[in-house]
Amino acid sequence: MAGAPRLFVPEVIQTSAMDCGPAALKALLGGFGVSVSYGRLREACQTDVDGTSIDTLEELATRLGLVAEQAMLPRDHLLLAEIAALPAIAVVRLANGNLHFVVLWRKWGNLVQIMDPALGRRWVPVAELLDRLYVHAMSVSAKAFREWAGTEEFLVGLRRGLLALVDVPLAERLVAEALGDSSWKRLACLDATVRLVRTLVEGGGVQRGEPAASFVERLLREVLTALEEGRAEELIPPTYWTAVGRPDAEELTLRGVVCVKAMGPRSERGDDEPPLPPELEAALREAPTRPLRELVALLRRDGVLTPTVLAAIGVTAAVGGFLEVLLLRGVLEAGRYLTTPEQRIAGVVTLLALLGVLFTLELPLTLGTLQLGRRLELRLRLAFLDKIPRLGDRYFRSRLVSDMAQRCHGIHLVRTVPNLAILVLRASAELLVTLAGLIWLAPRSAPLIVLAGGLALAIPLLSQRSLLEADRRLRDFDGVLSGFYLDALRGAVALRAHRAELTLRRAQEEPLHEFVSAARTLLRRGITADTLSALGTTGGAVAIVLHALSREPRPGVVLLLVYWAFALTTLGRQIADGLRQYPAASSLTGRLMEPLLAPDEVATPVGLVTRRRTERPAEAARGVAFSMRQVEVRAAGHTLLRGIDVSVRPGEHVAIVGPSGAGKSSLVGLLLGWHRVAGGRIEVDGEPLEGDVLCRLRRETAWVEPEVALWNRSMVDNLAYGVDAGEALPRVGQVLHAADLIELLDTLPQGLQTRLGEGGGLLSGGEGQRVRLGRALLRPGVRLVIFDEPFRGLERDRRTALLARARQGFAEATLLCIMHDIAETLSFDRVLVIHGGQLVEDGAPRTLAAREESHYRSLLEEEAAMRCALSGRDGWRRLVLEQGVLSERPGPGGEG
4 MAGAPRLFVP
14 EVIQTSAMDC
24 GPAALKALLG
34 GFGVSVSYGR
44 LREACQTDVD
54 GTSIDTLEEL
64 ATRLGLVAEQ
74 AMLPRDHLLL
84 AEIAALPAIA
94 VVRLANGNLH
104 FVVLWRKWGN
114 LVQIMDPALG
124 RRWVPVAELL
134 DRLYVHAMSV
144 SAKAFREWAG
154 TEEFLVGLRR
164 GLLALVDVPL
174 AERLVAEALG
184 DSSWKRLACL
194 DATVRLVRTL
204 VEGGGVQRGE
214 PAASFVERLL
224 REVLTALEEG
234 RAEELIPPTY
244 WTAVGRPDAE
254 ELTLRGVVCV
264 KAMGPRSERG
274 DDEPPLPPEL
284 EAALREAPTR
294 PLRELVALLR
304 RDGVLTPTVL
314 AAIGVTAAVG
324 GFLEVLLLRG
334 VLEAGRYLTT
344 PEQRIAGVVT
354 LLALLGVLFT
364 LELPLTLGTL
374 QLGRRLELRL
384 RLAFLDKIPR
394 LGDRYFRSRL
404 VSDMAQRCHG
414 IHLVRTVPNL
424 AILVLRASAE
434 LLVTLAGLIW
444 LAPRSAPLIV
454 LAGGLALAIP
464 LLSQRSLLEA
474 DRRLRDFDGV
484 LSGFYLDALR
494 GAVALRAHRA
504 ELTLRRAQEE
514 PLHEFVSAAR
524 TLLRRGITAD
534 TLSALGTTGG
544 AVAIVLHALS
554 REPRPGVVLL
564 LVYWAFALTT
574 LGRQIADGLR
584 QYPAASSLTG
594 RLMEPLLAPD
604 EVATPVGLVT
614 RRRTERPAEA
624 ARGVAFSMRQ
634 VEVRAAGHTL
644 LRGIDVSVRP
654 GEHVAIVGPS
664 GAGKSSLVGL
674 LLGWHRVAGG
684 RIEVDGEPLE
694 GDVLCRLRRE
704 TAWVEPEVAL
714 WNRSMVDNLA
724 YGVDAGEALP
734 RVGQVLHAAD
744 LIELLDTLPQ
754 GLQTRLGEGG
764 GLLSGGEGQR
774 VRLGRALLRP
784 GVRLVIFDEP
794 FRGLERDRRT
804 ALLARARQGF
814 AEATLLCIMH
824 DIAETLSFDR
834 VLVIHGGQLV
844 EDGAPRTLAA
854 REESHYRSLL
864 EEEAAMRCAL
874 SGRDGWRRLV
884 LEQGVLSERP
894 GPGGEG
């Protein structure tokens, strides 16, 4: 149930490098009592590798039950109590230059409570926060700025800045004069002047009082004059202006911090509001996930007997250690009671038997914990292998490659979770037993013993948040540096070719400096915490011993008392170390479990999909028919497609053309499941494209584009990838001819058994495209073919021949072909022209080419003009590379 904002903002740690938007929104909603699922919220945010837009966060916050609005405020006005901008989601700039969402919750004196999705809940000094806030610049009308600048929302910050420099009468006079100007100029100049003078006063450049007041008046006059002359930003730097422009400008440049302010929860939804999308409904309904609990559930599939036995052994070993100390103490006094050789032998045998029992306990405890960790890792790996094929493309396309690789390589770290649990359990049992033993030895010192035990835990526990924050900051900059290393490895050739090593090194310097600083901070805080803990627990141990000695105990008791008293220090540190690792283990587990807890792309079992496919009528076994009705696609707050209305008949071959970035790949990506429609409807064979229909379409689709993966396996394995060997092998020879691979095959040392290298690295770009085409041609039962620049890297004549063969091979299938070779599309049945995310033309290519005002015709003419310019321009030479030999041929530049 939604309510008043909490005192402390909920802590939500992002599970992916680009998840700061959904994590910040979940924290903001949780602070007002609105519980949402993090995973479903991430999908609703339409996150991609470019992150989430602040417009999307504002829209979702409003639809999920908050009264929220987006605002742009001067940076120094954001935290003013009179503005009431908090709580809010704001944008800060990270050390690597990237933008990052944080939640600004409350201001406590000179500290601001924030929730940083990368670091958790923090208290940051005001000056540090203001320095990190990202200042956005945008164009606004001069009239709109003047109206806003005349409101109290702007004037309250202006008055506060003036009152820090001048007395009340002068401040009111200057504000009144500024308001008396019907234009924007005087208010903007006064605001910039006050901000600059305050900076000078705080830096000691101008004295407070009368000197500052006279300087404000004199500088304001000079700024007004400079503005009329068009040189205002020469007198006051741009960072001090909230709005500035030419004297007669109708548009101004407005600078400020963009944030989403949350005024509180809404009482109820309006009757005229549209229903929530499925993602938001799911986000509100789904119960919150607990990663460690899910991990325990995964472990329980093997039964609870082994963990229970290990826990019992750990507790028993702790008690056994206590008995061992008692027995050793008895050995010291054994000479007084064991007088005969037989008694002494029996005592030694008893001691050795106890040591043997303890060793017997330690061995299965250690081996069992290791086995439990390995079993947990194995379960997690099997769960990943089972889950990955059921995740949608949208899931992978919305995450960085480095982020997903880090999760896969970090699975082995889950082995430490059982060891951590046993460590904390055993140390806690030993601490309780030791405290009980101390109280038994010195009952009159019981209050002091309990206090020392609490002190042994309190100091390390109180330092946990500070250490955790430093550790997370260290790992954050470690991730930034890892990005540099990945870029350097992937772009090593380009770096050397362009001599850009120095540029990369300079870009790395700042995050490297921050990494070293964070490492020193973590080390310094750790040493300080350990020192305070050692001093506190040692002092407590000394106090216990001195207090007990004042009661004149027996000598044997003193030795045992001293041993147990100083053991409190070690046990407290062990428990604190274990608890210190818990947040890291929880964060690790959350990242590993997040893919497993993501929804399946298709919920229907594969067997049911197969039955439905086999039950399809025979007349529908040829091409796919699909229709899109007013389809709109958005991602990360940007509209990729809008108003798409098109129908394609079974077996139709359709070319899709348009300028780069127009939305062509996004259009075919709808049929591949890359995007979800934000509006409109898609039907395939008369059924909505979702669930089983999407799964069935995937099985009947052949897709060729340069990004389709080639594996470091043999040529025949790459061609037959995803196809049953019995179906593929008889048709390999035919496919080799159709994809023009015979010539390539002759150059491979082991023929079809030659490995193609990582990502097809042993092939050229054109050769790799022909292998991808061969794989598509070998696929059985294809009803939909999607080509996206399928022949990139091939010469023009070969492109034409391959396209003709491919169309012949898929004669009965529905074919969509994205091409930048506009002239090649003249042979298609139909062409779609996409421009600016809209379908601007649809028809037969020759019909469209005959229209003078046609977009398609203009594309043809631009292509022809470019070829003519390249071939007819003086100074061009024609170089031909054939069979590894470079030669020059006379005549105009060739096409390719």
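4 is the number of the first residue of the sequence shown in the working numbering; add one for each residue after it. Each residue gets a CB set at the ideal place from its N, CA and C atoms; glycine is no exception.
Which of the three DSSP states is assigned to residue i in this structure?
i, result
"TRP187", "coil"
"HIS678", "coil"
"GLU844", "strand"
"ALA374", "The amino acid occupying residue 374 in the given sequence is Gln; Ala does not appear at that position. In this structure, GLN374 counts as helix in the three-state DSSP scheme."
"GLY887", "coil"
"VAL39", "coil"
"ASP22", "coil"
"MET75", "strand"
"ARG758", "strand"
"PRO598", "helix"
"GLN1", "The structure shown has nothing for residue 1, since the chain only spans 4 to 899."
"MET631", "strand"
"GLU690", "strand"
"CYS820", "strand"
"PRO392", "helix"
"PRO608", "Interpretation of PRO608 is limited by its pLDDT of 40, a score under 50 that renders its predicted location unreliable; the figure taken from the coordinates is listed afterwards. Coil, per DSSP."
"ARG833", "strand"
"THR704", "strand"
"ARG880", "coil"
Could you round the C-beta distance between residue i and residue j to whole angstroms and report it? I think they count as a contact, below 8 Å.
i, j, result
"GLY161", "THR196", "Looking at the sequence provided, one finds Leu at residue 161 rather than Gly. Actually they are not in contact, since the Cβ atoms of LEU161 and THR196 sit about 10 Å apart, beyond 8 Å."
"ARG802", "PHE794", "4 Å"
"VAL127", "MET118", "Their Cβ separation, rounded to whole angstroms, is 11 Å, which puts VAL127 and MET118 out of contact at 8 Å."
"GLY539", "ILE462", "5 Å"
"GLY259", "PRO77", "5 Å"
"HIS949", "PHE831", "Residue 949 cannot be examined here, being either before or after the span of the chain that is shown, 4 to 899."
Mind checking which residues open and close the alpha helix (DSSP H) that includes residue i?
i, result
"ILE414", "That residue, ILE414, is in no alpha helix (DSSP H); it is neither H nor E in DSSP."
"ALA537", "504-552"
"SER448", "Taken as a continuous stretch (DSSP letters only), SER448 belongs to no alpha helix (DSSP H), as it is neither H nor E."
"PRO421", "419-444"
Buried or exposed for residue i, going by 16 or more other Cβ atoms inside 10 Å?
i, result
"VAL883", "exposed"
"ASP251", "exposed"
"GLU618", "Interpretation of GLU618 is limited by its pLDDT of 43, a score under 50 that renders its predicted location unreliable; no figure is taken from the coordinates."
"MET631", "buried"
"GLN811", "exposed"
"CYS411", "exposed"
"GLY33", "buried"
"GLN633", "exposed"
"ASP389", "exposed"
"ASP79", "buried"
"CYS192", "buried"
"ALA623", "Any reading at ALA623 is ruled out, since the residue's pLDDT is 42, under 50, leaving its predicted position unreliable."
"GLY413", "exposed"
"MET869", "exposed"
"ASP22", "buried"
"GLY581", "buried"
Are the CB atoms of residue i and residue j nearer to each other than 7 Å?
i, j, result
"VAL726", "LEU780", "no"
"ASP688", "ALA741", "no"
"GLY769", "GLY763", "no"
"LEU67", "VAL263", "no"
"GLN577", "ALA430", "yes"
"VAL836", "GLY661", "yes"
"ASN715", "GLY760", "yes"
What residue does the beta strand (DSSP E) around residue i start on, and which one ends it?
i, result
"CYS262", "254-268"
"HIS139", "139-144"
"VAL95", "91-96"
"HIS641", "641-651"
Quick check: is any heavy atom of the ligand GDP less than 6 Å from the C-beta of residue i?
i, result
"TRP706", "The ligand GDP is absent from the structure shown, which contains no ligands of any kind."
Could you confirm whether any beta carbon from chain C is found closer than 7 Å to the beta carbon of residue i?
i, result
"GLU827", "In the structure shown, chain C does not exist; there is a single protein chain."
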